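Note that our numbering has the sequence shown beginning at 44, numbered continuously upward.
Here a beta-carbon is modelled for each residue, glycine too, at the ideal position from N, C-alpha and C.
Here the structure is a predicted model, which means the values were calculated and not measured.
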Amino acid sequence: MAKDSHSLRTLLSTLNHQPPTNTYLKFLYKTEGCDSIWMDLHPENSHSARISGVEENRGVQNRMPVGYSTAITGRHHPDPIRVGVIGVGNMGQHHTRVLSMLKDVELVGVADVNVERGLDTASKYRVRFFEDYRDLLALVDAVCIAVPTRLHYPVGMACLQAGVHVLIEKPIAASISEAELLVNAAADYQRILQVGHIERFNPAFQEFSKVLKTEEVLALEARRMSPYSNRANDVSVVLDLMIHDIDLMLDLVNASVVKLTASGSRASDSGYLDYVTATLGFSNGVVATLISSKVTHRKLRSIVAHCKNSLTEADFLNNEILIHRQTTANYITDYGQVLYRQDGLIEKVYTSNIEPLHAELEHFVSCVRGGNQPSVGGEQALKALRLASLIEQMALDGKAWNLAETESVISHQLSVIS
Numbered sequence: 044m045a046k047d048s049h050s051l052r053t054l055l056s057t058l059n060h061q062p063p064t065n066t067y068l069k070f071l072y073k074t075e076g077c078d079s080i081w082m083d084l085h086p087e088n089s090h091s092a093r094i095s096g097v098e099e100n101r102g103v104q105n106r107m108p109v110g111y112s113t114a115i116t117g118r119h120h121p122d123p124i125r126v127g128v129i130g131v132g133n134m135g136q137h138h139t140r141v142l143s144m145l146k147d148v149e150l151v152g153v154a155d156v157n158v159e160r161g162l163d164t165a166s167k168y169r170v171r172f173f174e175d176y177r178d179l180l181a182l183v184d185a186v187c188i189a190v191p192t193r194l195h196y197p198v199g200m201a202c203l204q205a206g207v208h209v210l211i212e213k214p215i216a217a218s219i220s221e222a223e224l225l226v227n228a229a230a231d232y233q234r235i236l237q238v239g240h241i242e243r244f245n246p247a248f249q250e251f252s253k254v255l256k257t258e259e260v261l262a263l264e265a266r267r268m269s270p271y272s273n274r275a276n277d278v279s280v281v282l283d284l285m286i287h288d289i290d291l292m293l294d295l296v297n298a299s300v301v302k303l304t305a306s307g308s309r310a311s312d313s314g315y316l317d318y319v320t321a322t323l324g325f326s327n328g329v330v331a332t333l334i335s336s337k338v339t340h341r342k343l344r345s346i347v348a349h350c351k352n353s354l355t356e357a358d359f360l361n362n363e364i365l366i367h368r369q370t371t372a373n374y375i376t377d378y379g380q381v382l383y384r385q386d387g388l389i390e391k392v393y394t395s396n397i398e399p400l401h402a403e404l405e406h407f408v409s410c411v412r413g414g415n416q417p418s419v420g421g422e423q424a425l426k427a428l429r430l431a432s433l434i435e436q437m438a439l440d441g442k443a444w445n446l447a448e449t450e451s452v453i454s455h456q457l458s459v460i461s
């Protein structure tokens with residue numbers, strides 16, 4: 044057949060002027076820079092061709108999107124966002140699964156130092172595998188990074204420097220200095236940097252946040268507990284679990300932290316804290332208590348808001364919100380006899396069933412396509428990391444800190460959070 048892109052356009056133009064047919068046609072088109080392109084003509088729409096498979100061998104500049112529909116009638120379809128996943132362990136597997144289902148997204152490939160795991164994942168989703176993630180970068184617009192925390196900075200920086208948009212799992216980095224460098228690099232290279240504080244996209248949290256906007260909040264309690272596992276054993280429970288609730292508290296209260304106490308304990312010889320409780324005092328008077336554990340024999344994910352006129356509970360595992368209100372009402376007969384007394388009222392808030400990771404990745408892709416800043420960008424993640432680092436330090440030292448009483452390095456760090 045034709046042997047260059049001009050001939051391909053001529054072929055498609057010719058097909059556009061052919062009468063409808065009930066025959067299903069498939070052409071194998073050979074062209075320079077590609078091994079093969081399959082074009083399917085469907086009988087129900089003979090005026091469109093679908094390029095359904097491309098294997099490239101000349102680099103990103105000559106690539107064609109796989110599975111991208113081009114209507115010959117001139118109708119415009121946006122190019123799919125080309126995304127790769129770096130690290131296909133526990134969380135990376137979920138990223139790969141969801142990305143493979145997203146509309147207008149082309150999952151290009153996965154990268155992992157574990158060759159067997161990487162090949163299995165690539166085979167499952169019919170994408171390419173890269174042992175060295177840097178070989179993936181020229182082929183994608185964006186990446187999801189789900190590597191161990193200590194690697195967040197070097198991998199994230201390499202991706203930003205390559206001009207690739209980045210979604211990186213929480214915490215943003217292993218240290219505040221590394222996080223600051225990533226945030227600055229994203230600004231310098233004008234790339235999207237989103238951090239995987241996934242609970243922001245939990246429909247239960249989003250509805251919970253709406254409810255609290257109509258209430259006078261006095262205090263908040265967050266519990267995030269899990270049985271022990273080998274997952275994320277390179278960081279403390281503060282950076283693994285509590286940092287989720289730290290981010291949520293900062294978003295809900297939207298005030299400066301002026302007081303902090305924390306304590307914790309270890310259940311293993313890893314050197315990291317496995318159980319931590321922290322109390323935050325905010326400048327607007329709200330008090331927040333956070334408890335996180337890696338060694339509890341039951342999984343819990345909840346936030347309770349003590350409000351002036353209600354008690355509101357959000358269960359993130361069961362996607363449920365309950366509002367308790369104290370009311371007293373006697374129901375009596377016409378003769379004055381009390382039939383029963385109502386001592387309280389429980390309201391149930393309905394939420395959507397969307398998977399939080401699905402919502403998070405859709406938001407990321409939308410930001411990449413539209414150039415908008417993500418709702419949980421590098422700056423927000425940096426604030427959460429700063430506060431998490433202080434809580435971890437307090438829990439290790441066993442000391443309390445009060446802004447009104449102490450002028451120290453800690454007070455300076457905490458003022459930066461706000």
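So for H401, helix, strand or coil by DSSP? The three-state secondary structure of H401, taken from DSSP, is helix.
Which first and last residues belong to the beta strand (DSSP E) in which Q237 is found? For Q237, the enclosing beta strand (DSSP E) starts and ends at 236–239.
Exposure label - S353; buried when at least 16 CB within 10 Å: Classification for S353: buried.
What residue from L333, F325, S326 has the CA that sits closest to S306's CA? Among L333, F325, S326, the Cα nearest to that of S306 is on L333.
Is the region 198–216 touching the region 228–243, taking contact as three or more C-beta pairs under 8 angstroms? As far as the Cβ criterion goes, the region 198–216 touches the region 228–243, which means the pair count is three or higher.
Pick from H367, I129, R368, Y318 that is closest to G199, judged by C-alpha positions: Nearest to G199 by alpha-carbon distance, out of H367, I129, R368, Y318, is I129.
How far does the alpha helix (DSSP H) with T257 in it extend, from its first residue to its last? Where T257 is concerned, there is no enclosing alpha helix (DSSP H), given that its DSSP letter is neither H nor E.
By alpha-carbon positions, which one of K351, M285, H367 ends up nearest to S336? Residue M285 is the option with its Cα nearest to S336.
Which residue marks the beginning of the beta strand (DSSP E) containing A216, and which one marks its end? No beta strand (DSSP E) contains A216, which DSSP labels as neither H nor E.
Contact the region 337–352 vs the region 247–265: 3+ CB pairs below 8 angstroms: They touch, by the three-pair rule.
Is the beta carbon of P246 closer than 7 angstroms to that of S345? Not closer than 7 angstroms, so no.
Residues bridged to I366 by DSSP? Its beta-bridge partners are T355, E390.
Give a yes or no on whether the C-beta atoms belonging to Y176 and S143 are separated by under 7 angstroms. It is not a contact, given that the beta carbons lie outside the stated cut-off.
Please report the residue range of the beta strand (DSSP E) in which T304 lies. That run of the beta strand (DSSP E) goes 300–308.
On a Cα-Cα basis, can you pick out the residue from V408, K342, F172, Y318 that is closest to A185? Comparing Cα-Cα distances from A185 to each of V408, K342, F172, Y318, the minimum goes to V408.
Confirm the yes/no value for this check: CB of K167, any heavy atom of the ligand GTP, distance under 6 angstroms. You won't find the ligand GTP in this model; it holds no ligand whatsoever.
Identify the continuous beta strand (DSSP E) that holds H340 and give its terminal residues. Note, H340: premise wrong, no beta strand (DSSP E); not H, not E.
Can you name, in chain order, every residue of its own chain whose Cβ lies under 6 angstroms from the Cβ of A331, other than the five neighbours on each side? If we look at A331 and ignore the five residues flanking it on each side, its Cβ neighbours are L263, M292, L323.
For M268: DSSP bridge partner residues: DSSP output for M268 lists S336, L343 as bridge partner(s).
So, for A201: in the same chain, excluding its five sequence neighbours on each side, which residues have a beta-carbon less than 7 angstroms away from its beta-carbon? Within the same chain, A201 has close Cβ partners R177.
Are T192 and D277 close, meaning C-beta to C-beta below 7 angstroms? With respect to D277, T192 sits close: the two C-beta atoms are nearer than 7 angstroms.
Check for me: the beta strand (DSSP E) holding L323 runs from which residue to which? Taken as a continuous stretch (DSSP letters only), the beta strand (DSSP E) holding L323 covers 318–325.
Output the distance between the C-alpha atoms of T320 and A165, rounded to the nearest integer angstrom. The alpha-carbon of T320 is positioned some 41 angstroms away from that of A165.
Can the beta-carbon of G152 be found less than 7 angstroms from the beta-carbon of G127? Yes; because the gap between Cβ atoms is below 7 angstroms, this pair is in contact.
Between the Cα of E422 and the Cα atoms of D147, G239, R140, which residue gives the shortest distance? When each option's Cα is compared against that of E422, the closest is G239.
Nearest candidate by alpha-carbon position, reference A357, set Y196, S311, S252, V131: Restricting attention to Y196, S311, S252, V131, the CA atom closest to the CA of A357 is found in S252.
Report yes if the C-beta distance between P270 and H340 is below 7 angstroms; otherwise report no. In contact: P270 and H340 (Cβ atoms closer than 7 angstroms).
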